[in-house]
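In what follows, a structure is listed as structure tokens, so that the remarks can point back to it.
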Amino acid sequence: MGQSMGSFGARNVDLYMNDNPTFDPQTGFSFERKPREMKAREEDLISARIPPQFRDYCAHYLLDYQVCRYKNMPMLYKCAHEKHDYLNCEHQDYVLRMKEFERERRLRLREQRIVGAA
Amino acid sequence: MQKFSICFISFFVLFSFSMINIFFFSYFVMNNLVYILEWELISFSSMSIVMSILLDWMSLLFMMFVSLISSVVIFYSKSYMSSELNLNRFIILVLLFVFSMILLIISPNIISILLGWDGLGLVSYCLVIYYQNIKSYNAGMLTALSNRVGDVFILMVISWMMNYGSWNYFFYLDFMVNDYMMMMISVMIIMAAMTKSAQIPFSSWLPAAMAAPTPVSALVHSSTLVTAGVYLLIRFNSLLIDMFFFKVLLLLSGLTMFMAGISANYEFDLKKIIALSTLSQLGLMMSILSMGFPDLAFFHLLTHAMFKALLFMCAGVIIHMMNDIQDIRFMGGISNFIPLTCLCLNVSNMALCGIPFLAGFYSKDLILEMVSMSNLNFFIFLLYYVSTGLTMFYSFRLTMYLMINDFNLLSVYNLYDEDYVMLKSMFTLMMMSVLSGSMLMWSIFSYPYMIYLPLNIKLMVIYVSILGAFLGYLMSNMNIYSMNKYLKSYNLSSFLCLMWFMPNLSTYGLNFYFLNYGQLMLKNIDMGWSEFYSGQGLVLILKNYTVFYSFFQMNNNFKIYLFSFVLWVCFLMMFMMIYLNSL
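Protein chains in written order, with the UniProt record's numbering: chain F, 1 to 118; chain W, 1 to 583.
What follows is the structure, encoded as structure tokens:
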């Protein structure tokens, strides 16, 4: 429900957590935003048998973590750093997505304002 | 020779098996391996019945846990069942149970799943009626019939899967998701899993099955049999995730969790409290499963298996010590008499509540945080958190009744731990319930979950736990002098303590009308009209005629014959006169 609470206000503009962004990604920015780059290569992910839902922008950390797990198999606590790096990256990714969500919400509000004024 | 009893041999074999499994598990999880062995039994009409074995990290790990717990339970029953005459039969039944469970675990084929599934139901029936009395028979019949419903669903799944030409469901999970037939199959699979895991319409059998001997409860009704449904759904999870029925399952399992938590607070039978807490944890597993986190459900399944088996074993020691009395109102202060057992009991209880760094903490906390991270409505959120509080509530109440309050049974007593056999087995499991959480957390989550929550929602578990513990303290403080609050709201409390009238749904309510109607039929038809017209009525008529005739024959009364002859002649004369006059 933490999610629901965070996104509850967005329902006024008919925006839900799983919706995709609808506005132009460059709207309102003074500089040009670049699309994010996937650092891990597809063939590495395939050869490491990472399931598709984990092939995100943090997958290169995940690969490091998997390598570490493979190397220290019974003593998995030794991979705490790799795990932390991966989770940190996922956290940053989450924050980024939340910012994008908030941007979508504010842009929708702005659109409503403009339509209302016109 | 006594040293190599059947208990020791079975313990040794199962323990070695579990050690082998843990080795293979680490190898499989390291290399991300899945092995499927197939052996075609029969092939007809382009369908093939295949005996197959699936070995992956999940099945190996589950087998390791099952064989470890069963080995320890068998070791324990050497002492617990020492006065049993047919110990061999008991141990063989338990072994049969373990083998059917393992058959269920390693099979990716719905037919061999049915074999394991049916074996579980049958052997659990034999184990529930092990102490032969009316209550056990009723409980066993309820268990067997409830599980039978699930068996029938699995049978229907088999007949539906005939359309695919093979029963290896494993190969269809990813490719037949949108198939209508597969949707039917998954609904039936969910129903079958609900019966086995005692979810809401079918949950009355789990507390009733506590009529079984305590080692059986420790093995069967806490960690293996009831988790078979969860395990089946874990296997089928990728198929079910987008279904509407899975949302229904989320609601039902959430309600199960809540209902069991409340009922446990009204219960006074030691084993039934633990059974209801098992039901609550099963609801937790099912609900997180229906939110689409099968690995979390599996994680909780394993840790829960450890501490719940331990909890039942401690309960067994306590019941033995109390001269087979299970009512917690008679118990109290037992930590003074059996400190080591109470140590185990406390550890398992705290692991159940999710006190940090014990086994239950890792799984429950992760589950609750994933619930908080997901987009669910307030009702589901409330069910989860209130049930967590209720877990703390009944565990704390149980601890208070068992350990803090005064001993109530006898005025002269001498209580002690019986021997080291039970203690050794409990200590094995206690170590596992301390360690298994962190070990599993390291080993099975190749892809860790990221949790990112506001502080208060993160601490919500702590809040509800503290609140639950406080309420448990208040509740257990009630004594005979305090006004009985239950009676003031009798309807509500009977509703809550009878598991929301669930037993009425599956036994009393179901039986009553049919039995009553049957009695009516018996009275009016079998013993009434049909008797009147066929059996007894015919006899009565024949008897009356016979009596009537034998009155003439047996008495040999010539006067009557003569009189009747004279009478007959008189009639004849009269008719002749009338006839002649009319001419």
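We put the beta carbon where it would ideally sit given N, CA and C, even for glycine. Quick caveat: nothing in here was measured; it's all calculated off a predicted structure.
Residues of its chain near residue i, where Cβ-Cβ distance is below 6 Å and the 5 sequence neighbours each way are ignored
i: F15(W); result: S71
i: W568(W); result: none
i: Y61(F); result: D85, Y86 and C89
i: S287(W); result: L250, S253 and G254
i: R110(F); result: none
i: G140(W); result: Y125, V128 and I129
Three-way DSSP call (helix, strand, coil) for residue i in this model
i: L410(W); result: coil
i: D14(F); result: coil
i: I98(W); result: The residue you asked about is not Ile; residue 98(W) is Val in the sequence shown. Note: V98(W) maps to helix in three-state DSSP.
i: I355(W); result: coil
i: G28(F); result: coil
i: D365(W); result: helix
i: D44(F); result: helix
i: N377(W); result: coil
i: N72(F); result: coil
i: F75(W); result: helix
i: Y57(F); result: coil
i: residue 603(W); result: No statement about residue 603(W) is possible, as the shown extent of chain W runs from 1 to 583 and does not include it.
i: residue 592(W); result: With chain W running from 1 to 583 in the structure shown, residue 592(W) is simply not present.
i: S318(W); result: Going by the sequence as given, residue 318(W) is Ile instead of Ser. I318(W) falls in the helix class under three-state DSSP.
i: T22(F); result: coil
i: M1(W); result: Reliability of the predicted coordinates at M1(W) is poor, the pLDDT of 49 falling under 50, and the value obtained from them is presented with this limitation in mind. Residue state, collapsed to three classes: coil.
i: A228(W); result: helix
i: S335(W); result: helix
i: S277(W); result: helix
i: I50(F); result: coil
i: D64(F); result: helix
i: F61(W); result: This sequence places Leu at residue 61(W); Phe is not what is there. Reduced to three states, the DSSP call for L61(W) is helix.
i: K34(F); result: coil
i: A212(W); result: coil
i: N477(W); result: coil
i: Q112(F); result: helix
i: C263(W); result: One detail in the question is off: residue 263(W) reads as Ser in this sequence, not Cys. Of the three classes helix, strand and coil, the one that applies to S263(W) here is helix, per DSSP.
Counterpart residues of residue i in DSSP-defined beta bridges
i: S238(W); result: BP columns for S238(W) are empty, so no partner.
i: D56(W); result: V34(W)
i: W39(W); result: M51(W)
i: S166(W); result: S48(W)
i: F269(W); result: It is Asp, not Phe, that sits at residue 269(W) in the sequence shown. D327(W).
Contacts around residue i, its chain only, beta-carbon distance under 7 Å, and the 5 residues preceding and following it disregarded
i: K272(W); result: P207 and M210
i: S466(W); result: The sequence given here has Ile at residue 466(W), not Ser. Excluding residues within five positions, none has a Cβ falling inside 7 Å.
i: L115(W); result: L103
i: C126(W); result: L93
i: D118(W); result: D151
i: R108(F); result: V13 and L15
i: Y57(F); result: R36, M38 and D93
i: A297(W); result: V230, I234, M285, I288 and L289
Whole-number beta carbon distance between residue j and residue i, since they are thought to touch under 8 Å
i: T195(W); j: N147(W); result: 6 Å
i: T303(W); j: G360(W); result: 6 Å
i: I74(W); j: C7(W); result: 5 Å
i: Y94(F); j: M450(W); result: 7 Å
i: G283(W); j: I241(W); result: That pair is no contact at about 19 Å.
i: L60(W); j: F28(W); result: 6 Å
i: M17(F); j: N375(W); result: 5 Å
i: M184(W); j: W160(W); result: 6 Å
i: F202(W); j: V149(W); result: 7 Å
i: C344(W); j: C314(W); result: 5 Å
i: M403(W); j: G472(W); result: The pair is not a contact, with the Cβ atoms about 13 Å apart (cut-off 8 Å).
i: residue 601(W); j: M81(W); result: Nothing about residue 601(W) can be read from this structure; chain W reaches only from 1 to 583.
i: Q26(F); j: R33(F); result: 6 Å
i: V50(W); j: N163(W); result: That belief does not hold up - the Cβ atoms of V50(W) and N163(W) are roughly 16 Å apart, past 8 Å.
i: M426(W); j: T341(W); result: 7 Å
Residues near residue i by beta carbon distance below 8 Å, same chain, minus five either side
i: L368(W); result: Y384, Y385, T388, M460 and V461
i: Y65(F); result: C79, E82, K83, D85 and Y86
i: I338(W); result: V317, I318, M321, L415, Y416 and D417
i: M1(W); result: Note on M1(W): pLDDT 49, under 50, position unreliable in the model; the coordinate value appears next. Result list for M1(W): empty, nothing under 8 Å.
i: K424(W); result: F75
i: A40(F); result: R55, A59, H60, L62 and L63
In chain order, what are the residue ranges of uninterrupted alpha helix (DSSP H) at least 4 long that sit wholly in the region 498-583 of chain W?
509-521, 530-533, 535-553 and 558-582
List in chain order: all unbroken alpha helix (DSSP H) runs of 4+ residues lying wholly within the region 122-176 of chain W.
Restricted to the region 122-176 of chain W, the alpha helix (DSSP H) segments that are unbroken, complete and at least 4 residues in length are 134-161, listed in chain order.
Which whole runs of the alpha helix (DSSP H) in the region 427-461 of chain W are 4 residues long or more, in chain order?
455-458
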